[in-house]
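Here's the structure we're looking at; comments come further down.
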Amino acid sequence: MGSDVMRVRLHLRQVRVLEVLAGAPSELRVKVVSAVTRPRCRCCGFKCHRVHDTRLREVRDLEVSGRRTTLVWLRRRLVCGNCGGRWLEDHPEFEGALTCRLARRLAADAQAMPIRAVARRHGVGWSTVNALVGAWSGLIAEHRRSRRCSVLLVDETSMRKRHRYVTVIVNGGTGKTLAMVEHRDSAALNGFLMSQPHRWRRSVKVVVTDGSKAYKPSIEACSPHARHVLDRFHVIRWFCAGLTAVRRDVQRRQPQGVKPAFDPQVFKTRFLLMRRHDHLNDADQARLDKLFDAHPRLETGWQALQELHGLYLADDHDGALEALDRFCDLYQTGELPEFHHIVDAIISSSDEILAFHHTGRVSNGRTENTDNLLQVMRRTAHGFTNPTNFAARGLLIT
Ligand SMILES: [Zn+2]
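Numbering (the working numbering), first residue to last: 479 to 876.
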């Protein structure tokens, strides 16, 4: 006997090792049998002991000391002494051709690695891991949707960079993803909402969406009692677009062809201009004052943006309306035609924007976190082509 021989326990409950079939450095094959001597009949529950015949079934297990381990299970077919039925036994530690602990490890690894890497690491097939991840994420989604949800967050993300979008639906209370459905239109959200029980839909009081108007009809149709709120972050991005248009106009140098084409002093302040006035320090303010002395139109645009920020900084609905009035006064001077699109957007979505003050100041912040995690997953997998696989892995990690 070699000097490095030792006994190793499998640590599988109710499994008895019969013999080691192969103990090579790269692979371990162990013949096992169930330790349950009198399993109950599936039909009548009678305890059976008569074995009709046996079959061999290969079950993959976790590696033992770095060796790929296969259990050769001597699976019994029993005959019931009461009803006479014959049936193949099952084992609580085995799930199909994998042990339960290996299945759990595969699902855990799939949270950090692409399916292909997990399959290679454990020496199992890609489709085995993919099917397992799909089944596991289905259970997770079902469990999450069994709880009621009062705030629903809806956002979109892409399977490839700016290609093929999916709608991500998150529970605002827990921050957990409930579903990821293909496309980013009304039908996508409609399909999800209509597949939920009526009682669950009734529990949704607030739906927060990004700036897309596509989701509005489905919220009105499927959850008419829910309050629709446009996400603050997306709306502020619209607001900032107005000032950016003013800056681009101001920084342009004439005549055409002169180098540099833009005034560098104005261009360098592009991020500073987007900041809220209460986030500026004295040095920033001094820099802006100097800029505004040279370009008064930029100051008017900046003030208009700050009044729009006031919509959200206000304590309540009335305060928001006052900020909006001040913005309208600035806009009516006619100096800011660049804000024309923002005014249109505010008019068309005023209810959804001002609903912010009636719904506890909810936002889509949690979906942005989800989106970050999904983007990392997308990068490590080098993009996805199948929306079902994207959703399955996405649900595991978010
Ligand atoms: Zn029976």
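Note that CB positions come from ideal geometry on N, CA and C, so glycine has one too.
Let's test the definition: count the other Cβ atoms within 10 Å of the Cβ of residue i and tell me whether it reaches 16, buried, or not, exposed.
{"i": "residue 789", "result": "buried"}
{"i": "residue 779", "result": "buried"}
{"i": "residue 637", "result": "buried"}
{"i": "residue 874", "result": "buried"}
{"i": "residue 810", "result": "exposed"}
{"i": "residue 614", "result": "buried"}
{"i": "residue 576", "result": "buried"}
{"i": "residue 551", "result": "buried"}
{"i": "residue 650", "result": "buried"}
{"i": "residue 635", "result": "buried"}
{"i": "residue 617", "result": "exposed"}
{"i": "residue 786", "result": "buried"}
{"i": "residue 864", "result": "exposed"}
{"i": "residue 802", "result": "buried"}
{"i": "residue 644", "result": "buried"}
{"i": "residue 609", "result": "exposed"}
{"i": "residue 826", "result": "exposed"}
What do you reckon, is the C-beta of residue i under 7 Å from a heavy atom of ligand 1?
{"i": "residue 563", "result": "yes"}
{"i": "residue 560", "result": "yes"}
{"i": "residue 521", "result": "yes"}
{"i": "residue 524", "result": "yes"}
DSSP has residue i in a bridge; who is on the other side?
{"i": "residue 773", "result": "Looking at the DSSP assignment, residue 773 forms no beta bridge with any residue, so it has no partner."}
{"i": "residue 500", "result": "507"}
{"i": "residue 649", "result": "630"}
{"i": "residue 681", "result": "BP columns for residue 681 are empty, so no partner."}
{"i": "residue 529", "result": "556"}
{"i": "residue 490", "result": "Per DSSP, none; premise fails for residue 490."}
{"i": "residue 636", "result": "643"}
{"i": "residue 566", "result": "555"}
{"i": "residue 542", "result": "545"}
{"i": "residue 749", "result": "According to DSSP, residue 749 bridges with nothing at all."}
{"i": "residue 535", "result": "551"}
{"i": "residue 706", "result": "685"}
{"i": "residue 576", "result": "538, 573"}
{"i": "residue 726", "result": "BP columns for residue 726 are empty, so no partner."}
{"i": "residue 495", "result": "510"}
Judging by CA-CA distance, which residue of the options is the nearest neighbour of residue i?
{"i": "residue 642", "options": "796, 667, 868, 875", "result": "868"}
{"i": "residue 425", "options": "718, 584, 556", "result": "The chain is shown only over 479 to 876; residue 425 falls outside these bounds and no answer can be derived."}
{"i": "residue 791", "options": "757, 807, 812", "result": "757"}
{"i": "residue 745", "options": "773, 532, 800", "result": "773"}
{"i": "residue 818", "options": "719, 853, 679, 598", "result": "719"}
{"i": "residue 739", "options": "729, 769, 748", "result": "729"}
{"i": "residue 702", "options": "618, 722, 616, 679", "result": "679"}
{"i": "residue 694", "options": "625, 715, 633, 770", "result": "633"}
{"i": "residue 712", "options": "689, 704, 699", "result": "689"}
{"i": "residue 625", "options": "546, 648, 539", "result": "648"}
{"i": "residue 538", "options": "530, 548, 529", "result": "548"}
{"i": "residue 535", "options": "646, 665, 574, 485", "result": "574"}
{"i": "residue 797", "options": "523, 586, 832", "result": "832"}
{"i": "residue 722", "options": "834, 748, 677", "result": "748"}
{"i": "residue 843", "options": "559, 710, 768, 569", "result": "710"}
{"i": "residue 581", "options": "554, 567, 511, 597", "result": "597"}
{"i": "residue 836", "options": "828, 862, 794", "result": "794"}
{"i": "residue 553", "options": "570, 545, 546", "result": "570"}
{"i": "residue 500", "options": "532, 545, 520, 601", "result": "545"}
{"i": "residue 513", "options": "505, 492, 521, 532", "result": "492"}
Excluding the 5 residues preceding and the 5 following residue i in the sequence, name in chain order all residues of the same chain whose CB lies nearer than 7 Å to its CB.
{"i": "residue 871", "result": "588, 611, 855"}
{"i": "residue 724", "result": "775, 776, 779, 814, 816"}
{"i": "residue 750", "result": "762, 765, 766"}
{"i": "residue 640", "result": "none"}
{"i": "residue 700", "result": "668, 671, 672, 679"}
{"i": "residue 682", "result": "627, 628, 630, 701, 704"}
{"i": "residue 657", "result": "619, 647, 670"}
{"i": "residue 579", "result": "540"}
Just to confirm my understanding: we take residue i, look at its own chain, exclude 5 residues before and 5 after, and list those with CB closer than 6 Å. What are they?
{"i": "residue 706", "result": "685, 697, 830"}
{"i": "residue 876", "result": "655, 848, 851"}
{"i": "residue 687", "result": "632, 693"}
{"i": "residue 528", "result": "557"}
{"i": "residue 623", "result": "656"}
Which same chain residues, not among the five before or five after residue i, have their C-beta less than 8 Å away from its C-beta?
{"i": "residue 591", "result": "599, 858"}
{"i": "residue 497", "result": "508, 509"}
{"i": "residue 486", "result": "542, 543"}
{"i": "residue 524", "result": "518, 558, 559, 560, 561"}
{"i": "residue 820", "result": "716, 717, 719, 720, 786"}
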